[in-house]
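*Asks:* Those letters in the sequence shown? Residues 386 to 900, per the working numbering, in order. Here's a structure for you.
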Amino acid sequence: MNKELIINTAPSGIEIAFLEDKKLVELHNDKTDANFAVGDLYLGKVKKLIPGLNAAFVDVGFEKDAFLHYTDLSPYIRSLLKFTEKAIDVKQNPFDFSAFDNEPEIIKTGKINEVLGNKPNILVQILKEPIAAKGPRLSCELSLPGRFVVVTPFNEIIAVSKKIHSGDERKRLQKIVESIRPKNFGVIVRTAAEGKSTAELHQDLLDLVSTWKQIQENLKSAVAPTKILSEQDKTTSILRDLLTEDFNKVVLNDKNLYNDTRSYIEKIAPEKKEIVTFHNNGFPLFDQYGITKQVKSSFGKTVNLPSGAYLIIEHTEALHVIDVNSGYKSAGNNQEQNALETNLEAAAEIARQMRLRDLGGIIIVDFIDMKLPDNKKKLQDDMEVFMKGDRARHAVLPISKFGLMQITRQRMKPEVNINTSEQCPSCHGSGKVTSTLLLEDEIENKVSYLASSSHKTIVLSVHPIVHSHLTKGLFSPIYRKWARKYKIKLKVLANNNNQFTQYKFFDENEEEIKF
Numbered sequence: 386m387n388k389e390l391i392i393n394t395a396p397s398g399i400e401i402a403f404l405e406d407k408k409l410v411e412l413h414n415d416k417t418d419a420n421f422a423v424g425d426l427y428l429g430k431v432k433k434l435i436p437g438l439n440a441a442f443v444d445v446g447f448e449k450d451a452f453l454h455y456t457d458l459s460p461y462i463r464s465l466l467k468f469t470e471k472a473i474d475v476k477q478n479p480f481d482f483s484a485f486d487n488e489p490e491i492i493k494t495g496k497i498n499e500v501l502g503n504k505p506n507i508l509v510q511i512l513k514e515p516i517a518a519k520g521p522r523l524s525c526e527l528s529l530p531g532r533f534v535v536v537t538p539f540n541e542i543i544a545v546s547k548k549i550h551s552g553d554e555r556k557r558l559q560k561i562v563e564s565i566r567p568k569n570f571g572v573i574v575r576t577a578a579e580g581k582s583t584a585e586l587h588q589d590l591l592d593l594v595s596t597w598k599q600i601q602e603n604l605k606s607a608v609a610p611t612k613i614l615s616e617q618d619k620t621t622s623i624l625r626d627l628l629t630e631d632f633n634k635v636v637l638n639d640k641n642l643y644n645d646t647r648s649y650i651e652k653i654a655p656e657k658k659e660i661v662t663f664h665n666n667g668f669p670l671f672d673q674y675g676i677t678k679q680v681k682s683s684f685g686k687t688v689n690l691p692s693g694a695y696l697i698i699e700h701t702e703a704l705h706v707i708d709v710n711s712g713y714k715s716a717g718n719n720q721e722q723n724a725l726e727t728n729l730e731a732a733a734e735i736a737r738q739m740r741l742r743d744l745g746g747i748i749i750v751d752f753i754d755m756k757l758p759d760n761k762k763k764l765q766d767d768m769e770v771f772m773k774g775d776r777a778r779h780a781v782l783p784i785s786k787f788g789l790m791q792i793t794r795q796r797m798k799p800e801v802n803i804n805t806s807e808q809c810p811s812c813h814g815s816g817k818v819t820s821t822l823l824l825e826d827e828i829e830n831k832v833s834y835l836a837s838s839s840h841k842t843i844v845l846s847v848h849p850i851v852h853s854h855l856t857k858g859l860f861s862p863i864y865r866k867w868a869r870k871y872k873i874k875l876k877v878l879a880n881n882n883n884q885f886t887q888y889k890f891f892d893e894n895e896e897e898i899k900f
């Protein structure tokens, strides 16, 4: 699969678009004024214990206190509290962490007031960013991710990613890590470590141990609440997590970020440093790669599919609801087969939409009804395949007797919500219309459908400005290309009564064709 990362630097921050085979699948905004990011480490102050929830509220500097549940404390919380107190004390810090004596683990069924009863300062990691009126979600199970491994302090555990299927490779990696693992650090071997040498793994591990030493240094004389360590910027973290053999292009329009990114890739994958290119031709970067148009067509309540089917995406406080509609797609003779084809097309787009919008929590999908159990099973299996590339944890349940599919997806941050409407030039802002970027494609899709439905002569009525756009050019105007492409007679008429984005189709008998 062809993977590209397009990074656009703007005054408000950095926009990051991830493309798979030229199709937008992820969109990230790394805002310059963002205060919290998943993975950041803070020295917080326990403010309030809630025994009924078995949780605590911790002040980490956000307007709302952050939430810390007992199950997120980590079995090694007593060691963490001891380490934090010792690291803050100038007289005791620096100290050799390899000689640090760990405290006994806590039990899974304990009470939070037994552990945090004296409301101490505590080192915490952001598990979820603030969402709506809620503060951040915290964890004390600290982890420092690298390219090939993740280190977890205060334990001796070694684990290898389950996505590495070869038993021999898993044993090889386990043996390597056992020989290089520092004392008091657990190590999780990531999927990207498959086939890597001892030297590469050791260097990655040394870098993370150095980061832990920096955390220890930053804690010296620290006063809660304060940030102790920032997760790498989003661009670097995405490269760290996504860079694979089929990742073949990174394009940036900021010279400093270009140099930093090239240096980073040269460090972690020297053979791929040439994939980084600098964009400076004066044309907007996102427009150059068709991202602006894809954003316009992919966000909003309605998402159109190439076949004429469409999705309606609604949001509530508790869940997201997606309705699949067949639209103007031909019913054909086999209703069951058409329903399956439409559902499979919709499933692929739904999997993309969940990644693109970063939908989290519960997603309910109302597919077109199918009667055959085999078709329902195929739809579920294909949905799982479509979501295989999704880095967020997720689960797909079988289709219920009501024809609904339930999907749960990990929510780490607020969903991406972009307003794709623009002011209507016909009513001077009193209404909203679909983006004009998509009008030409929308009309062509309808022409294609009519041609496939045995319409050989078509009259298209449009606003005069749209008429000018479709008929401009002496030799090859747009409407003539469509006529040749779909082998039809196509005539375009200008009608001042049409709104700017309104169009109508008529057949050879001058009767309007309804969709």
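We put the CB at the ideal spot given by N, CA and C, even for glycine. A quick note: this is a predicted structure, and the numbers were derived from the prediction, not measured.
CB-CB under 8 Å to residue 457, same chain, minus the five flanking residues each way: which ones, in chain order?
*Replies:* Correct list, in chain order: 512, 522, 523, 524, 525 and 526.
*Asks:* Given 8 Å as the limit, is there contact between the region 539-548 and the region 500-507, that is, 3 or more CB pairs closer than that?
*Replies:* Verdict: no, contact absent.
*Asks:* Looking only at its chain, what residues have a beta carbon closer than 8 Å to the beta carbon of residue 738, apart from the 5 residues adjacent to it on each side?
*Replies:* Around residue 738: 683, 688, 696, 698, 707 and 744.
*Asks:* On the CB-based measure, 16 or more other CB atoms within 10 Å of its CB, does residue 644 come out buried or exposed?
*Replies:* Label assigned to residue 644: exposed.
*Asks:* Pairing CB atoms from the region 870-886 with CB atoms from the region 841-851, are three or more of them under 8 Å?
*Replies:* Yes, the region 870-886 is in contact with the region 841-851.
*Asks:* Residue 779 by DSSP, collapsed to three states: which one?
*Replies:* Strand at residue 779.
*Asks:* Determine contact between the region 439-448 and the region 545-561, defined as no fewer than three beta-carbon pairs at a distance below 8 Å.
*Replies:* No, because fewer than three Cβ pairs between the region 439-448 and the region 545-561 fall closer than 8 Å, the two stretches do not touch.
*Asks:* Quick check: the Cα distance between residue 690 and residue 826, rounded to an integer number of angstroms?
*Replies:* Roughly 12 Å separates the two Cα atoms.
*Asks:* Would you call the region 480-497 and the region 527-537 touching, i.e. three or more CB-CB distances under 8 Å?
*Replies:* At 8 Å Cβ cutoff, the stretches do not touch.
*Asks:* Where DSSP assigns a beta bridge to residue 426, which residues make up the other side?
*Replies:* Paired residue(s): 510 and 614.
*Asks:* Which residues in the same chain have their Cβ closer than 6 Å to the Cβ of residue 728, if we skip the five residues on either side of it in sequence?
*Replies:* Cβ within range, chain order: 752, 753 and 764.
*Asks:* Would you mind giving the Cβ-Cβ distance between residue 431 and residue 440, rounded to the nearest angstrom? I have them listed as a contact below 8 Å.
*Replies:* About 11 Å separates the two Cβ atoms, so there is no contact after all.
*Asks:* Determine the DSSP secondary structure at residue 355, reduced to helix, strand or coil.
*Replies:* Residue 355 is absent from the structure shown; the chain starts at 386 and stops at 900.
*Asks:* Please list the terminal residues of the continuous beta strand (DSSP E) segment that includes residue 468.
*Replies:* Residue 468 -> not in any beta strand (DSSP E); alpha helix (DSSP H) instead, spanning 462-473.
*Asks:* Please name the residue in 495, 788 and 554 whose C-alpha comes closest to that of residue 762.
*Replies:* Ranking 495, 788 and 554 by Cα distance to residue 762 puts 788 first.
*Asks:* What does DSSP give as the partner residue(s) for residue 394 in the beta ladder?
*Replies:* Residue 394 is bridged to 399.
*Asks:* Please confirm if the region 570-578 is in contact with the region 598-617, defined as three or more CB-CB distances below 8 Å between the two stretches.
*Replies:* No: the two stretches stay apart, fewer than three of their Cβ pairs being nearer than 8 Å.
*Asks:* Which residue or residues does DSSP assign as beta-bridge partners of residue 689?
*Replies:* 695, per the DSSP bridge assignment.
*Asks:* Whose C-beta lies closer than 8 Å to the C-beta of residue 436 among residues of the same chain, with five residues either side of it excluded?
*Replies:* Closer than 8 Å at Cβ, skipping near neighbours: 496, 497 and 498.
*Asks:* Count the other CB atoms, across all protein chains shown, that sit within 10 Å of the CB of residue 469; report buried if there are 16 or more and exposed otherwise.
*Replies:* Buried, by the Cβ-count rule.
*Asks:* Check whether the Cβ atoms of residue 855 and residue 411 sit closer than 8 Å, and answer yes or no.
*Replies:* Result no, Cβ atoms of residue 855 and residue 411 do not sit closer than 8 Å.
*Asks:* Helix, strand or coil, according to DSSP, for residue 541 in the structure here?
*Replies:* Coil.
*Asks:* In whole angstroms, what is the alpha-carbon distance linking residue 393 and residue 471?
*Replies:* Between residue 393 and residue 471, the C-alpha separation is close to 43 Å.
*Asks:* Which of helix, strand or coil does DSSP assign to residue 451?
*Replies:* Of the three classes helix, strand and coil, the one that applies to residue 451 here is strand, per DSSP.
*Asks:* Looking only at its chain, what residues have a beta carbon closer than 7 Å to the beta carbon of residue 867, apart from the 5 residues adjacent to it on each side?
*Replies:* Answer for residue 867: 829, 832 and 875, listed in chain order.
*Asks:* Nearest to residue 979 by alpha carbon, out of 794, 898 and 883?
*Replies:* Residue 979 cannot be examined here, being either before or after the span of the chain that is shown, 386 to 900.
*Asks:* Go through the region 730-776 residue by residue and report every complete run of the beta strand (DSSP E) that reaches 3 residues or more, in order.
*Replies:* 746-751, all fully within the region 730-776.
*Asks:* To the nearest angstrom, how far is the alpha carbon of residue 613 from that of residue 756?
*Replies:* Cα to Cα, the separation comes out at about 57 Å.
*Asks:* If residue 931 and residue 703 are in contact, beta carbons under 8 Å, what's the gap, nearest whole angstrom?
*Replies:* Because residue 931 is not part of the residues shown, which for the chain are 386 to 900, the question remains open.
*Asks:* Which two residues bound the contiguous alpha helix (DSSP H) that contains residue 856?
*Replies:* Where residue 856 is concerned, the enclosing alpha helix (DSSP H) stretches over 849-856.
*Asks:* Check for me: the beta strand (DSSP E) holding residue 504 runs from which residue to which?
*Replies:* Per DSSP, residue 504 belongs to no beta strand (DSSP E) and is neither H nor E.
*Asks:* Provide the residue span of the beta strand (DSSP E) that contains residue 791, from first to last.
*Replies:* Residue 791 -> beta strand (DSSP E) spans 789-794.
*Asks:* At the level of alpha carbons, what is the spacing between residue 767 and residue 454?
*Replies:* Cα to Cα, residue 767 sits roughly 36 Å from residue 454.
*Asks:* Have a look at residue 637 and residue 777 and give me their C-alpha separation to the nearest angstrom.
*Replies:* In a straight line, the C-alpha of residue 637 is about 26 Å away from that of residue 777.
*Asks:* Would DSSP call residue 587 helix, strand or coil?
*Replies:* Correct three-state label for residue 587: helix.
*Asks:* What's the call for residue 676, buried or exposed, on a 16-neighbour Cβ count within 10 Å?
*Replies:* Buried.
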